[in-house]
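Report on the following structure.
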Amino acid sequence: MLNQIGNYSLYIALLSSILIIIQSPILLNTNNINVSGRIFSLISIQSLMIIISFIALITAFIISDFSNETVFNNSHTSKPLFYKISGTWGNHEGSLLLWLLVLSIFLFIFTITSKNLSNKYRILTLFFQEIIILGFLLFILLTSNPFMNLFPVPKEGTGLNPILQDPALAIHPPILYLGYVGTSIIFSSSLAALISGSVNKTWAKHIKNWVLISWIFLSIGILLGSIWAYYELGWGGFWFWDPVENVSLMPWFCLTALFHTILILEKREIFHSWAVILSITTFSLSMSGTFLVRSGILNSIHTFANDPSRGVFILCFLFILITLSIFIYFIYQNKIKNNFIKTFIVSKETAVLVNNLFMMFFLSVVLIGTIYPIFLEVVNNDKISVGPPFYHKLIVPFMIPFLIFMAIGPNLNWIKDKIDKINLQQLLFFILSIIISFIFLKRVGISYLFSLPLFIASIFLFLITIKDFSVKKTNLSQKISHFGFSLFILSILVNGVLAKEYSSNMKVGDERKFLNKTIKFESLEVNESKNYQSLEANFKISDKNNSINLKPEVRVYDQPQTITSEADIKSTLYSDNFLVFNILKNDGFYNVRYQIKPFMIWIWISVILISFGGVLSIVKKND
Amino acid sequence: MIKNIKLIALVFLIIISFFILLKGLNKTNNYSPNLNSSNIDFNFKAKFLYSNEETTLNELINDKDFSLINIWASWCLPCRDEHPYLLNLNSLGKLNIIGINYKDSEVNAKKFIKEFGNPYSKIVVDPTGVNSIELGAYGVPETLLINNKTQTILKKYIGPLDNEKFAELKKIIKNEN
Numbered sequence: 001m002l003n004q005i006g007n008y009s010l011y012i013a014l015l016s017s018i019l020i021i022i023q024s025p026i027l028l029n030t031n032n033i034n035v036s037g038r039i040f041s042l043i044s045i046q047s048l049m050i051i052i053s054f055i056a057l058i059t060a061f062i063i064s065d066f067s068n069e070t071v072f073n074n075s076h077t078s079k080p081l082f083y084k085i086s087g088t089w090g091n092h093e094g095s096l097l098l099w100l101l102v103l104s105i106f107l108f109i110f111t112i113t114s115k116n117l118s119n120k121y122r123i124l125t126l127f128f129q130e131i132i133i134l135g136f137l138l139f140i141l142l143t144s145n146p147f148m149n150l151f152p153v154p155k156e157g158t159g160l161n162p163i164l165q166d167p168a169l170a171i172h173p174p175i176l177y178l179g180y181v182g183t184s185i186i187f188s189s190s191l192a193a194l195i196s197g198s199v200n201k202t203w204a205k206h207i208k209n210w211v212l213i214s215w216i217f218l219s220i221g222i223l224l225g226s227i228w229a230y231y232e233l234g235w236g237g238f239w240f241w242d243p244v245e246n247v248s249l250m251p252w253f254c255l256t257a258l259f260h261t262i263l264i265l266e267k268r269e270i271f272h273s274w275a276v277i278l279s280i281t282t283f284s285l286s287m288s289g290t291f292l293v294r295s296g297i298l299n300s301i302h303t304f305a306n307d308p309s310r311g312v313f314i315l316c317f318l319f320i321l322i323t324l325s326i327f328i329y330f331i332y333q334n335k336i337k338n339n340f341i342k343t344f345i346v347s348k349e350t351a352v353l354v355n356n357l358f359m360m361f362f363l364s365v366v367l368i369g370t371i372y373p374i375f376l377e378v379v380n381n382d383k384i385s386v387g388p389p390f391y392h393k394l395i396v397p398f399m400i401p402f403l404i405f406m407a408i409g410p411n412l413n414w415i416k417d418k419i420d421k422i423n424l425q426q427l428l429f430f431i432l433s434i435i436i437s438f439i440f441l442k443r444v445g446i447s448y449l450f451s452l453p454l455f456i457a458s459i460f461l462f463l464i465t466i467k468d469f470s471v472k473k474t475n476l477s478q479k480i481s482h483f484g485f486s487l488f489i490l491s492i493l494v495n496g497v498l499a500k501e502y503s504s505n506m507k508v509g510d511e512r513k514f515l516n517k518t519i520k521f522e523s524l525e526v527n528e529s530k531n532y533q534s535l536e537a538n539f540k541i542s543d544k545n546n547s548i549n550l551k552p553e554v555r556v557y558d559q560p561q562t563i564t565s566e567a568d569i570k571s572t573l574y575s576d577n578f579l580v581f582n583i584l585k586n587d588g589f590y591n592v593r594y595q596i597k598p599f600m601i602w603i604w605i606s607v608i609l610i611s612f613g614g615v616l617s618i619v620k621k622n623d
Numbered sequence: 001m002i003k004n005i006k007l008i009a010l011v012f013l014i015i016i017s018f019f020i021l022l023k024g025l026n027k028t029n030n031y032s033p034n035l036n037s038s039n040i041d042f043n044f045k046a047k048f049l050y051s052n053e054e055t056t057l058n059e060l061i062n063d064k065d066f067s068l069i070n071i072w073a074s075w076c077l078p079c080r081d082e083h084p085y086l087l088n089l090n091s092l093g094k095l096n097i098i099g100i101n102y103k104d105s106e107v108n109a110k111k112f113i114k115e116f117g118n119p120y121s122k123i124v125v126d127p128t129g130v131n132s133i134e135l136g137a138y139g140v141p142e143t144l145l146i147n148n149k150t151q152t153i154l155k156k157y158i159g160p161l162d163n164e165k166f167a168e169l170k171k172i173i174k175n176e177n
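Those sequence lines, one after another, are chains B and D. Counted from 1, the first sequence has number 52 at position 52 by my numbering; the numbering is strictly sequential. Counted from 1, the second sequence has number 14 at position 14 by my numbering; the numbering is strictly sequential.
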């Protein structure tokens with residue numbers, strides 16, 4: 001029953017999509033309100049149908065309807081309810097349906113919030129958005145239908161990957177998708193604005209919200225992914241430069257650049273073409289991300305599907321969209337106003353340009369690191385592995401000028417500023433940060449070439465962003481985001497420099513000394529849970545003044561059978577105590593890994609601050 | 001004119017990327033176990049971890065029916081997770097487990113073995129990573145099951161061994177005997 005409901009509603013959605021695409025070019029030049037009314041109702045029907053099909057799938061997961069193939073493959077009656085629901089998008093088919101759901105809901109929101117804009121612009125945006133929706137609908141219906149029937153109906157499902165049973169990961173894909181899909185609206189609307197010749201202040205003002213929304217969701221999505229990696233994978237790191245992580249980072253760089261450009265476009269009416277190019281690029285990167293993750297072309301610890309025919313479909317669709325947008329860009333390029341407003345080198349405009357340059361540089365590094373190995377292997381059969389050292393070597397040195405620019409840039413004036421504005425106060429802060437970094441690094445005893453300038457630059461940025469809270473000129477949301485960013489960089493640096501690790505084989509009752517602490521393996525007990533068995537260890541970490549207990553687990557899941565190590569992490573404002581243990585042999589010894597990670601929690605907090613700045617900016621503007 | 005050149009260049013670039021990616025997609029299968037790829041060169045030279053002698057992989061894989069080549073490093077955290085499986089496999093006695101120590105320092109590698117136990121019959125070092133790449137490795141850890149008589153790769157595991165892979169390995173060894 002549910003399968004039929006889901007299937008038919010998807011077909012109705014497909015039909016409305018085709019109707020809208022056929023009708024919209026005809027309606028471009030009319031200002032008839034009835035006409036837009038008709039398209040509007042078609043969009044409402046479409047959204048409703050997609051929502052119904054999504055609810056059908058969720059319901060199938062909740063009631064464990066194993067006549068549905070997707071449910072059979074990815075669920076099990078013994079899963080907790082929360083993970084049954086999150087299982088809906090924890091697999092290939094369901095996650096595409098979620099993409100589609102978000103696409104249509106966003107389009108619906110766009111339609112009702114853009115009423116005061118020109119008819120031509122709106123209809124064109126709908127047209128491009130419907131092309132994307134049509135592509136996804138066809139993709140789902142032809143290659144990955146989540147509503148396939150199974151007969152005879154199996155009694156039990158084959159389970160959900162236990163490593164995906166984590167609250168952060170359960171909400172991570174939907175949030176990330178909200179960010180990805182938001183970029184589709186930016187893409188459609190920039191093409192629409194390009195064709196209708198309305199790349200201007202009004203457009204910038206309208207699209208700014210969408211840029212911000214996508215940016216916020218993308219930031220939070222990436223954050224949740226990192227948190228999941230940190231708590232669940234049990235390796236003690238939070239970013240691995242894994243291709244799947246990289247593909248979410250690339251649109252983020254692009255969106256950050258786009259947001260700053262849009263601000264300038266809104267205030268000063270320059271950078272029109274650049275804004276359009278960035279909009280197209282952002283969406284292309286989001287789509288490529290989906291392609292790379294979904295097609296299995298990457299070989300990564302978290303690639304999902306491995307089905308070439310699906311890959312071919314997304315690849316063709318992706319390239320049709322990109323080629324289409326490039327042709328549209330070149331044909332309508334002349335319609336873009338070319339404002340040559342005289343600006344001077346020392347000005348806010350230049351500062352944003354510099355920001356964009358850096359973002360593009362970081363983007364290229366990540367892009368090359370992700371794509372080049374694939375290309376090289378196909379063309380030349382050579383295999384190279386690109387790991388963290390590549391990114392660190394290329395990104396770290398350029399962080400130094402970037403951070404310094406970020407400290408100075410936002411305080412510059414529009415159009416022209418005096419050079420001697422880089423004034424005594426900033427100089428003072430700079431000298432202060434040199435002293436702080438020097439003393440700090442001396443005490444820690446690190447003498448890596450870039451660490452001193454890197455610390456100086458980040459402490460400088462940190463001090464300046466704090467000072468900026470006392471200046472009235474710039475807005476609060478910017479201050480919060482920039483402060484968040486400086487805190488983010490600083491926490492990562494301090495964390496990297498001060499982290500300590502201890503690893504040893506221990507059995508119950510053993511005691512080890514590490515730094516000034518004592519690690520005691522106190523006890524071990526076996527617990528039964530709903531869908532797994534666990535070995536829970538109890539460790540006592542104590543120093544002179546206080547002691548904490550850490551209780552890491554090793555879980556043995558039954559469906560499918562998998563062993564996972566759950567680290568126990570105690571976070572304080574100053575540092576995280578991270579402890580994980582593994583079963584070694586059967587002679588009572590366990591491998592114990594204990595890590596002290598200073599300022600770990602500040603990495604999460606700072607990303608939340610960065611995103612909060614964006615939220616504030618949206619809320620404030622709507623006043 | 002300049003505009004056209006730009007457009008042509010861009011479209012050209014896109015078409016090239018399209019075909020490369022398309023080819024890459026069809027190639028995906030090679031990543032997973034490829035039973036026919038016997039054309040891997042086992043003849044490269046490498047040094048032992050515990051002595052300074054040089055050897056070739058060919059010499060190493062002659063002992064038993066099967067060899068298991070495991071590429072590992074002390075800095076690789078997932079390698080620690082898979083280590084118990086290797087110890088376990090070694091205790092079966094039917095496998096000749098060869099470790100390739102990938103881009104590692106000698107001291108750390110020895111420390112790792114001392115701490116976690118040694119499942120390997122021989123360990124060779126690959127300080128530059130070139131040998132491992134020639135074996136088709138994507139990163140560490142990676143494990144190759146080799147039939148010594150035919151010198152073919154029976155199975156290739158990218159990433160750490162887990163319960164599922166362990167069971168599969170055991171099954172293969174049993175069946176082929």
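Using N, Cα and C, we set each Cβ at its ideal position, and we do this for glycine too.
Integer-rounded CB distance, given that Leu-10(B) should sit under 8 angstroms from Leu-103(B): As a working mapping, residue 103(B) is identified with position 103 in the first sequence. As a working mapping, residue 10(B) is identified with position 10 in the first sequence. About 13 angstroms; that fails the 8 angstroms criterion.
For Ile-431(B), which three-state DSSP category applies? Along the first sequence, one-based indexing puts residue 431(B) at 431. Correct three-state label for Ile-431(B): helix.
Cβ atoms of Ile-43(B) and Ser-16(B): under 9 angstroms apart, would you say? Within the first sequence, residue 16(B) is the residue found at index 16, counting from 1. Within the first sequence, residue 43(B) is the residue found at index 43, counting from 1. Yes.
When you compare the CB positions of Ser-47(B) and Ile-105(B), do they come within less than 9 angstroms of one another, or not? Along the first sequence, read from residue 1 onward, the residue named residue 47(B) stands at position 47. Along the first sequence, read from residue 1 onward, the residue named residue 105(B) stands at position 105. Yes; because the gap between Cβ atoms is below 9 angstroms, this pair is in contact.
Burial state of Gly-6(B) (16 or more Cβ within 10 Å): By one-based count along the first sequence, residue 6(B) stands at place 6. With 16 or more other Cβ atoms within 10 Å, it is buried.
How many Å lie between Ile-195(B) and Gln-4(B) at the Cα? Within the first sequence, numbered from 1, the residue matching residue 195(B) stands at position 195. Within the first sequence, numbered from 1, the residue matching residue 4(B) stands at position 4. About 40 angstroms.
Give me whichever residues DSSP pairs with Glu-59(D) in a beta bridge. Numbered from its first residue, the second sequence carries residue 59(D) at position 59. Answer is none; Glu-59(D) lacks a bridge partner.
Answer yes or no: do Ile-71(D) and Ile-113(D) have a C-beta to C-beta separation smaller than 9 angstroms? Counted from its first residue, the second sequence places residue 71(D) at position 71. Counted from its first residue, the second sequence places residue 113(D) at position 113. Cβ distance not < 9 angstroms, so Ile-71(D) and Ile-113(D) don't count as in contact.
What three-state label does DSSP hand Gln-636(B) in the structure shown? The question about residue 636(B) has no answer, for chain B in this structure spans 1 to 623.
Buried or exposed by the 16-neighbour rule on C-beta atoms within 10 Å, applied to Ala-167(D): As a first step, residue 167(D) must be located in the second sequence, where it is residue number 167. Ala-167(D) should be labelled exposed.
Val-378(B) CB to nearest chain D CB: under 9 angstroms? Within the first sequence, the letter at position 378 stands for residue 378(B). Interface residue, yes.
Buried or exposed, going by whether 16 or more other CB atoms sit within 10 Å of the CB of Gly-93(D)? Residue 93(D) sits at position 93 when you count from the first residue of the second sequence. Exposed.
Within this structure, are the beta carbons of Ile-409(B) and Lys-348(B) separated by less than 9 angstroms? Position 409 of the first sequence, counting from 1, holds the residue named residue 409(B). Position 348 of the first sequence, counting from 1, holds the residue named residue 348(B). Note that residue 409(B) is Gly in the sequence shown here, rather than Ile. Yes.
Alpha carbon to alpha carbon, how far is Glu-82(D) from Val-140(D)? Give it in angstroms, no decimals. As a position in the second sequence, residue 140(D) is number 140, starting the count at 1. As a position in the second sequence, residue 82(D) is number 82, starting the count at 1. Those two C-alpha atoms are separated by around 11 angstroms.
May I have the straight-line CA-CA distance separating Glu-115(D) from Asp-510(B), to the nearest angstrom? Within the second sequence, residue 115(D) is the residue found at index 115, counting from 1. Within the first sequence, residue 510(B) is the residue found at index 510, counting from 1. Roughly 16 angstroms between the two C-alpha positions.
Chain B within 9 angstroms of Ser-51(D), Cβ atoms only: As a position in the second sequence, residue 51(D) is number 51, starting the count at 1. Chain B, which has no Cβ nearer than 9 angstroms to the Cβ of Ser-51(D), makes this no.
Less than 6 angstroms between C-beta atoms, sequence neighbours within five positions excluded: which residues of the same chain meet that for Ser-300(B)? The residue you call residue 300(B) lines up with position 300 of the first sequence. Unreliable positioning characterises Ser-300(B) in this predicted model, as indicated by a pLDDT of 46, which lies under 50. The coordinate reading is nonetheless provided below. Excluding sequence neighbours, Ser-300(B) sits near Asp-242, Pro-243, Val-244.
Between which two residues does the alpha helix (DSSP H) holding Trp-252(B) run? For the purposes of this step, residue 252(B) is identified with residue 252 of the first sequence, where counting begins at 1. Where Trp-252(B) is concerned, the enclosing alpha helix (DSSP H) stretches over 243 to 268.
Counting pairs of beta carbons, one from the region 353 to 363 of chain B and one from the region 322 to 334 of chain B, are three or more of them closer than 8 angstroms? no
Going by Cα to Cα distance, which pick from Leu-101(B), Val-199(B), Ser-64(B), Gly-37(B) is closest to Met-123(B)? Here residue 123(B) is taken as the residue at index 123 of the first sequence, counted from 1. Position check: residue 123(B) holds Ile in this sequence, whereas Met was assumed. Looking at the Cα atoms, Gly-37(B) is the closest of the given residues.
Within chain B, partners of Ile-20(D) - CB distance below 7 angstroms: Translated into the one-based positions of the second sequence, residue 20(D) becomes position 20. Simply Phe-375, Val-378, Val-379.
Is the region 130 to 144 of chain B touching the region 92 to 99 of chain B in the sense that three or more CB pairs, one from each, lie closer than 8 angstroms? yes
Which whole-angstrom value is the C-beta distance of Val-365(B) and Leu-394(B), which I expect to be below 8 angstroms? Residue numbering aside, residue 365(B) sits at position 365 when the first sequence is read from its first letter. Residue numbering aside, residue 394(B) sits at position 394 when the first sequence is read from its first letter. 5 angstroms between Cβ atoms; contact.
Contact list for Ile-14(D) against chain B, beta-carbon separation under 8 angstroms: Along the second sequence, read from residue 1 onward, the residue named residue 14(D) stands at position 14. What Ile-14(D) touches in chain B: Phe-319, Ile-322, Thr-323, Ile-326.
Can you list the residues of chain C that Glu-115(D) reaches, using a CB-CB cut of under 9 angstroms? As a matter of chain content, chain C is missing from the structure shown, whose protein chains are B and D.
If I measure Cβ to Cβ from Asp-543(B) and keep anything under 7 angstroms in the same chain, skipping five residues before and after, which residues do I get? What you label residue 543(B) is simply residue 543 of the first sequence in a count that begins at 1. Cβ within range, chain order: Asn-516, Lys-517.
How many Å lie between Thr-183(B) and Ser-286(B) at the Cα? On the first sequence, residue 183(B) is found 183 positions in, with the first residue counted as 1. On the first sequence, residue 286(B) is found 286 positions in, with the first residue counted as 1. Distance between the alpha carbons of Thr-183(B) and Ser-286(B): 7 angstroms.
Bridge partner(s) assigned by DSSP for Trp-183(D): This structure does not reach residue 183(D), given that chain D is present from 1 up to 177, and the question cannot be answered.
Just the Cα atoms here: how many angstroms apart are Ile-51(B) and Ala-170(B)? Counting from 1 along the first sequence, the entry for residue 51(B) is found at position 51. Counting from 1 along the first sequence, the entry for residue 170(B) is found at position 170. Cα to Cα, the separation comes out at about 19 angstroms.
As assigned by DSSP and simplified to three states, the class of Gln-333(B): If you number the first sequence from 1, residue 333(B) lands on position 333. In the structure shown, Gln-333(B) sits in a helix (DSSP, three-state: H, G or I).
Chain D residues whose Cβ lies nearer than 9 angstroms to that of Phe-330(B): Along the first sequence, read from residue 1 onward, the residue named residue 330(B) stands at position 330. Result: Lys-3, Asn-4, Lys-6, Leu-7, Leu-10.
I want to see whether chain D comes within less than 9 angstroms of Leu-315(B), judged by CB atoms only; does it? Translated into positions along the first sequence, residue 315(B) becomes position 315. Yes, because at least one Cβ of chain D sits closer than 9 angstroms to the Cβ of Leu-315(B).
Decide yes or no for the touch test of the region 112 to 126 of chain B against the region 276 to 283 of chain B: beta carbon pairs closer than 8 angstroms, at least 3 of them. no
Give the secondary structure of Ile-18(B) by DSSP, where H, G and I count as helix, E and B as strand, and everything else as coil. As a first step, residue 18(B) must be located in the first sequence, where it is residue number 18. It is helical.
Could you compute how far the alpha carbon of Tyr-372(B) sits from the alpha carbon of Phe-240(B)? Position 372 of the first sequence, counted from the first residue, corresponds to residue 372(B). Position 240 of the first sequence, counted from the first residue, corresponds to residue 240(B). So the alpha carbons of these two residues sit roughly 18 angstroms apart.
Return the residues of the region 52 to 85 of chain D that lie within a Cβ-Cβ distance of less than 9 angstroms from chain B, sorted by chain order. Leu-77, Pro-78, Arg-80, Asp-81, His-83, Pro-84
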